[in-house]
Amino acid sequence: MATTAFDQAGAPARAGGPLLVVEDLEVDFKTAEGTVHAVRGVSLRLNPGEVLGIVGESGSGKSVTAMATMGLLARSAVTRGSVRYRNEELLHRREKQLMPVRGKAISMIFQDPMTSLNPVYSVGWQIAEAIRAHQDVSKEEAMRLAIELLRKVGIPNPEERVTSYPHEFSGGMRQRVVIAIAIANNPEVILADEPTTALDVTVQAQVLETLRTALQVTHAALLLITHDLGVIAGLADRVLVMYAGRAVEVGTVDDIFYRPAMPYTIGLLGSLPRVDTDGSELLRPIPGSPPSMVGEIAGCPFAPRCPRAVDICWESEPALVPVGAAASPHLSACHFAEEVMRAGEPLFAATSADTETGPGPELDVDTDGHRPEHDMPSPEPGYVLAEGFGRAGPGEYEIPLMEEEARPGEEPDASRHREET
Amino acid sequence: MAEHVDLRPGGRTPPQVGSDRAGTPPRRKARRGWGKPGKLPVAGGESRHLGDEHGLAGDARKQWQIVLRRFVHQPRAMISLGVFALLGVGSVVAGALWKYSYTTLTDQIAAPGQGAPSWAHPFGVDPIGHDLFAQVMQGTKEDIQTALLVAVISTAIGTTIGALAGYFRGMVDPVLMRFTDLILSVPLLAILAVLGNIAAKQSGSWLWVAIIIGVLAWTYVARLVRADFLSLRERDFVEAARAIGASNRRIIVRHLLPNALGPIIVNATLTVANAILLESTLSYLGLGIQPPQVSLGTLVASGQGDATTFWWLFVFPAAFIVVMILCVNFIGDGLREAFDPRKTRVRA
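Going down the list, the protein sequences come from chains A and B.
Numbering-wise, the first sequence is residues 1 to 421 according to our numbering.
Numbering-wise, the second sequence is residues 1 to 348 according to our numbering.
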């Protein structure tokens with residue numbers, strides 16, 4: 001079983017064992033079109049102080065996994081499996097029993113700071129509200145703590161700003177407030193659901209820095225959900241790549257970035273401009289779009305988009321099994337994981353960065369002809385991963401988001417990309 | 001005024017691209033660095049006005065202050081508020097200080113050629129000899145008391161039912177809303193007539209009339225609040241509140257209700273106008289406030305028969321009703337505009 005494999009391969013448990021264990025989590029939504037299998041058996045372990053990144057396209061089930069962990073899914077969602085915090089089952093708990101856990105043991109940072117703060121209250125009130133939900137302190141004391149928290153997350157003049165309203169803050173500042181709320185009760189686990197996605201690229205790095213500070217202050221473990229590999233590279237210890245509601249690759253950051261063993265991961269990395277090369281490389285996006293999650297999926301869900309797909313890929317869904325050295329915590333759900341990892345060559349067709357005028361990439365460049373006949377959607381480079389990877393524009397993207405010195409290199413790189421096309 | 005600072009396009013130097021400091025108000029800077037706040041030299045010749053809605057200018061002003069400011073700058077609403085307050089306070093004060101009580105029988109009566117408004121009796125007297133000014137003041141007081149109590153009762157009931165239905169949905173929603181539909185479909189006046197008759201005959205006081213109207217007039221508030229809650233409950237901050245461990249009650253009372261307060265208050269105001277009208281109607285029909293108590297409705301009712309001969313018996317109470325309802329409606333409109341930022345923006 002994938003679960004067992006993962007458990008064995010998980011990061012070495014530190015004192016007290018893992019904080020958060022998700023096992024075979026499945027989430028279904030009943031819709032008019034049929035049952036949507038949003039999450040199909042995800043297992044993960046979060047150890048104390050660890051940062052686990054979850055990456056994947058929109059609709060891959062990342063956020064639903066986090067919501068299920070917090071018990072925040074709509075009542076129409078059907079969940080199976082297990083979510084345990086310190087060996088206490090959280091799934092299927094009643095609201096009342098979840099309340100002491102939420103915000104105290106596990107807190108959450110939401111994607112859009114524009115909407116996740118209450119517009120009619122001052123930010124100080126909202127932080128104080130979070131404190132008072134779990135700690136028996138006076139209003140004045142809560143406000144004092146709120147000012148401290150604002151200071152910790154890097155808001156200048158916290159004494160003055162504590163009485164400001166969310167609409168008086170910029171997006172980056174609001175997200176800092178959201179982070180302050182998340183760490184208000186010293187949680188052991190923080191779930192961050194795309195914490196930088198809604199922000200201007202230019203403030204993303206600052207918010208990540210704040211997040212890092214928050215982790216230092218609380219010593220909390222972080223489950224970082226993002227479709228931004230740059231964020232992962234900057235913050236995560238381990239990475240879980242999700243596709244079509246399943247974990248398709250798990251490993252350390254180095255495993256994922258340097259020894260990817262799943263074509264999807266390779267595709268994700270290829271969609272990202274690199275600043276560590278001379279800039280002459282073209283982007284290699286993944287053609288097509290993620291499968292519909294309605295109904296059952298036969299075979300590997302990535303097969304329709306995979307240049308390596310052969311008959312077996314269409315017939316059976318590969319399990320998440322260890323690849324490489326036996327001691328390695330590197331898992332991959334690909335029938336050809338070992339080959340893919342060893343090959344280390346570009347798998348996807350290169351494309352021009354200019355999606356407006358450039359001709360569509362030739363699909364056959366790097367494929368090996370094993371692809372059975374099927375409807376290969378014509379690649380739309382601009383739309384593939386558009387939500388995450390295209391938003392910033394290829395030129396503005398940076399892998400090591402946190403490293404300031406990497407930035408100067410990215411400008412000429414980007415401009416060259418544009419000139420070529 | 002320091003709140004309004006004309007910023008040069010990209011006026012902050014050096015341009016802090018992407019800096020988080022964009023969120024801090026330029027107020028301090030405006031005071032210290034730019035000298036005279038308000039009118040600033042504009043580099044490009046063109047000034048761009050960045051108002052409060054961008055969150056760039058001004059103190060951390062409380063929402064209430066913003067609403068109040070918008071309200072205060074509407075002459076019609078402010079005048080209406082003044083007149084209504086004058087009527088309310090005036091009716092109490094005048095009722096207490098005036099030389100006649102509303103029950104006093106004066107030495108004059110309304111008869112052909114006498115009883116018309118005079119210095120002794122500004123509003124004239126009625127055929128029995130009551131001083132009409134004292135009666136109108138008493139009626140106004142009763143009406144305002146009744147209407148305010150109706151607004152409080154119906155808003156409380158309506159908000160509770162609407163909030164529960166909108167927040168919990170599921171089984172709660174259809175049950176509560178069908179009940180609301182039921183109340184709504186019952187002819188209000190008929191019910192009021194029956195209940196009012198029974199209650200009024202027993203006690204005949206404004207309190208009972210107010211309670212009866214209030215208990216039946218909450219349906220619109222309930223629908224309004226439910227609709228508001230249905231959309232508010234989907235907002236991210238509700239999820240965020242749940243994620244910090246807030247209970248349903250806490251979310252409803254502390255997180256959602258303040259967001260719905262604008263429409264609720266506007267509606268409560270308009271309920272006051274409706275209640276005045278309803279009470280007058282009931283009293284006019286003889287089902288509301290009973291003699292010897294007076295309300296504007298009973299005064300109109302008793303005065304209308306002689307309206308052609310003793311015009312003052314009809315005109316004064318009727319005019320007071322009209323003025324009060326107009327005032328309340330104007331106040332409601334002003335509040336609506338003050339609460340709703342999409343409406344005409346009143347610059348303060």
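Ideal Cβ placement from N, Cα and C applies to all residues, glycine included.
Owing to the predicted nature of the structure, the values given are computational and were not obtained by experimental measurement.
- The residues Ala273, Ile276, Leu277, in chain order, have a CB closer than 7 Å to that of B:Ile325 in the same chain once the five nearest residues on each side in sequence are set aside.
- For A:Gly103, the nearest CB of chain B lies under 8 Å from its own CB, placing it at the interface with that chain.
- Boundaries of the alpha helix (DSSP H) around A:Gly172: 171-182.
- Rounded to the nearest whole angstrom, the CA to CA distance from B:Ile183 to B:Leu216 is 7 Å.
- Ranking A:Glu140, A:Pro48, A:Ser316 by CA distance to the CA of A:Leu215 puts A:Pro48 first.
- From the listed residues B:Trp312, B:Gly166, B:Gly115, the smallest Cα separation to B:Leu232 is found for B:Gly166.
- Legend: CB atoms of the stretch 64-76 of chain B lying less than 9 Å from CB atoms of chain A are not found in any residue.
- DSSP places B:Gln114 within a strand segment (E or B) once states are collapsed to three.
- Assigned with DSSP and collapsed to three states, B:Ser231 falls in helix.
- Close to chain A, meaning a Cβ-Cβ distance shorter than 7 Å, is no residue of the stretch 178-200 of chain B at all.
- For A:Val120, the closest Cβ of chain B is nearer than 8 Å.
- When rounded, the separation of the alpha-carbon atoms in A:Leu98 and B:Gly245 is 7 Å.
- Taking the Cα of B:Ala85 as reference, the smallest distance to any Cα among B:Asp173, B:Gln145, B:Arg250 is reached at B:Gln145.
- For B:Ala268, the closest of B:Trp208, B:Ala307, B:Thr219 by C-alpha to C-alpha distance is B:Thr219.
- When the alpha-carbon of A:Ile106 is set against those of B:Arg242, B:Phe71, B:Leu81, B:Met171, the nearest one is in B:Arg242.
- Counting every other CB atom within 10 Å of its CB across the protein chains shown gives B:Val194 a total below 16, marking it as exposed.
- Shown here for A:Thr197: same chain residues with a beta carbon closer than 6 Å to its own, the five before and five after excluded, namely Gln111 in chain order.
- The C-beta separation of B:Gly162 from B:Phe229 comes to about 7 Å, placing the pair in contact by the 8 Å criterion.
- For B:Phe237, the chain A residues whose C-beta falls within less than 7 Å of its own C-beta are Thr115, Ser116, Leu117, Asn118, listed in chain order.
- In the DSSP assignment, A:Arg342 falls outside any beta strand (DSSP E) and lies within the alpha helix (DSSP H) extending over 337-343.
- Contact check for A:Val207 and A:Gly172: beta-carbon distance about 6 Å, within the 8 Å limit, so the pair qualifies.
- In this chain, the alpha helix (DSSP H) harbouring A:Lys152 covers 139-152.
- Contacts with chain A at 8 Å (Cβ-Cβ) include B:Ile244.
- The stretch 256-271 of chain A makes contact with the stretch 336-347 of chain A, as at least three CB pairs between them are under 8 Å.
- Taking a beta-carbon distance threshold of 8 Å, B:Asn267 does not count as an interface residue toward chain A.
- Listed along chain A, the residues sitting closer than 7 Å to B:Ser247 by beta-carbon distance are Met99.
- Chain-ordered listing is empty here: chain B has no CB closer than 7 Å to the CB of A:Met143, the nearest sitting near 14 Å.
- Chain A has a Cβ within less than 8 Å of the Cβ of B:Ala240.
- A Cβ-Cβ distance of about 11 Å is found for the pair A:Ile54 and A:Thr69, leaving them out of contact under the 8 Å criterion.
- Between A:Gly299 and A:Arg259, the C-beta gap is not smaller than 8 Å, which leaves the two residues out of contact.
- Bounds of the beta strand (DSSP E) holding A:Ile109 are 106-109.
- Secondary structure note for B:Arg178: its alpha helix (DSSP H) is the uninterrupted segment 172-185.
- Interface flag for B:Pro263 against chain A is unset, since no Cβ pair is found closer than 8 Å.
- Across the structure, A:Pro119 and B:Gly334 are spaced so that their CA atoms are roughly 22 Å apart.
- Comparing alpha carbon positions, the residue from A:Phe169, A:Leu19, A:Ser170 closest to A:Glu89 is A:Leu19.
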